[in-house]
Amino acid sequence: MARTHTWLIKSEPKKYPWSQLVKDGLTRCDGVRDFEARNNLRAMAVGDLGLFYHSNEGKEVVGVAQVTREHYQDPTTEEDWSCVDVAPLLPLVKPVTLVDIKARKGLAKMRMLTHNRLSVTPVTAPELRVILAMAETELPA
DNA sequence: GCCAACGTTGGC
DNA sequence: GCCAACGTTGGC
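Quick note, in our numbering, the first sequence goes up one by one and the last residue is 141.
See below:
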């Protein structure tokens, strides 16, 4: 069976918190204006996971979302940018803070740390396992 | 093609 | 509120 990929998606809770995503049931990740982030969006497949991270305030991964629609033209611009749709999958039992992530050896190479201004970054399978363990959360089978 | 100025992101 | 990192822009 095809293995899904995992990504980390930043959102400022002031603008769009996890709770709003849960309420909405679905949201469009638009407004990305960075080439590397755009490439990441374009690499996403339906069913891929997205760690939902609260930037600026909270600074923690709070939930796991799932890609429900592959990349398409970002409707907020005429230029060549992409967006995807994601739906909430499940909240983390224990949110994983940036401090926790930095303190964990196995996560030192996470793209979100090495390029901390990127709003969409890849997460490797081992990194996902570590984070889920820290979050005391298991993905549904 | 270089580089200074400037804007944005995001941690602190 | 400040500042570091870094991408973009524009003058030359």
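Note that CB positions come from ideal geometry on N, CA and C, so glycine has one too. This one's a predicted model, so the numbers in the text were calculated from it and none came from an experiment.
Next item on the list: Below 8 Å CB to CB, which residues in the same chain sit around residue 20 once its five sequence neighbours on both sides are set aside?
Entry: Counting from 1 along the first sequence, the entry for residue 20 is found at position 20. These residues qualify, in order along the chain: 27.
Note to self: Which same chain residues end up closer than 8 Å to residue 82 when comparing Cβ atoms and leaving out the 5 residues on each side of it in sequence?
What the structure shows: Counting from 1 along the first sequence, the entry for residue 82 is found at position 82. Correct list, in chain order: 32, 38, 41, 42, 71, 72, 73 and 74.
Note to self: Here's the rule: buried if 16 or more other CB atoms are within 10 angstroms of the residue's CB, otherwise exposed. What is residue 62?
What the structure shows: Working through the first sequence from its first residue, we reach residue 62 at position 62. Buried: at least 16 other Cβ atoms inside 10 Å.
Margin query: Here's the rule I'm using: 16 or more other beta-carbon atoms within 10 Å means buried, otherwise exposed. How should residue 35 be labelled?
Written below: Taking the first residue of the first sequence as position 1, residue 35 is located at position 35. It is exposed - the Cβ of residue 35 has fewer than 16 other Cβ atoms within 10 Å.
Check: Taking the continuous beta strand (DSSP E) assigned at residue 136, which residues delimit it?
Finding: Mapped onto the first sequence, residue 136 falls at position 136. Where residue 136 is concerned, there is no enclosing beta strand (DSSP E), given that its DSSP letter is neither H nor E.
Notebook entry, point to check: Are residue 65 and residue 89 close, meaning C-beta to C-beta below 8 Å?
Noted result: On the first sequence, residue 65 is found 65 positions in, with the first residue counted as 1. On the first sequence, residue 89 is found 89 positions in, with the first residue counted as 1. In this structure, residue 65 places its C-beta atom within 8 Å of the C-beta atom of residue 89.
Note to self: Excluding the 5 residues flanking residue 6 on each side, which residues of the same chain have their C-beta closer than 6 Å to its C-beta?
What the structure shows: Along the first sequence, read from residue 1 onward, the residue named residue 6 stands at position 6. 49, 123 and 128.
Note to self: So for residue 60, helix, strand or coil by DSSP?
What the structure shows: Against the first sequence, residue 60 aligns to sequence position 60. In this structure, residue 60 counts as strand in the three-state DSSP scheme.
Notebook entry, point to check: Residue ranges of each alpha helix (DSSP H) run of no fewer than 4 residues wholly in the region 96-120, ordered along the chain?
Noted result: 98-103 and 111-114
Check: From 56, 134 and 78, pick the residue whose C-alpha is nearest to that of residue 94; which is it?
Finding: Position 94 of the first sequence, counted from the first residue, corresponds to residue 94. It is 134 whose Cα lies nearest to the Cα of residue 94.
Notebook entry, point to check: Contact check, residue 12 vs residue 57 under 8 Å by CB: the rounded distance?
Noted result: Against the first sequence, residue 12 aligns to sequence position 12. Against the first sequence, residue 57 aligns to sequence position 57. That belief holds up - the Cβ atoms of residue 12 and residue 57 are roughly 7 Å apart, short of 8 Å.
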